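In the UniProt record's numbering, the protein residues as written are 1 to 124.
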């Protein structure tokens, strides 16, 4: 690695490196952060603080063609009626959320999140 050191008042202040070396350093830093994040996630998982989700469920959530309430409901094995009962709302309300994009109130969203054992942000 070649670097030009720029000093201010006799102390190193900046290092100038060729761009391709900068890109290599950036990739190494990203790899190190990924490894640290993976390690932290594994510790949380081992401590029972996080849940693993099957790849097909994660993909459905990421793609976003389906409402998250529907994806989580099906993953948890609820019917619309059962989820409605657990959350204290009607089946038709669940259907409207899932199929028409009806925005649920914060109170209902919280009840759905609790019934589905997910965070409210997972349903937004």
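Backbone N, C-alpha and C define an ideal beta-carbon position, used for all residues, glycine too.
Quantities reported herein were computed from a predicted structural model and do not represent experimental measurements.
As assigned by DSSP and simplified to three states, the class of residue i
i	result
residue 15	strand
residue 44	helix
residue 7	strand
residue 123	coil
residue 64	coil
Selection from the options that minimises the alpha carbon distance to residue i
i	options	result
residue 54	102, 74, 39, 14	74
residue 67	15, 124, 114, 8	124
residue 2	70, 24, 85, 43	24
residue 51	72, 96, 32	72
Does the stretch 99-119 come within contact of the stretch 78-91, defined as at least 3 CB pairs closer than 8 Å? yes
Scan the UniProt domain "HTH cro/C1-type" (69-123) and note each continuous alpha helix (DSSP H) run of 4 residues or more that stays entirely inside, going in chain order. 80-87, 91-100, 106-116
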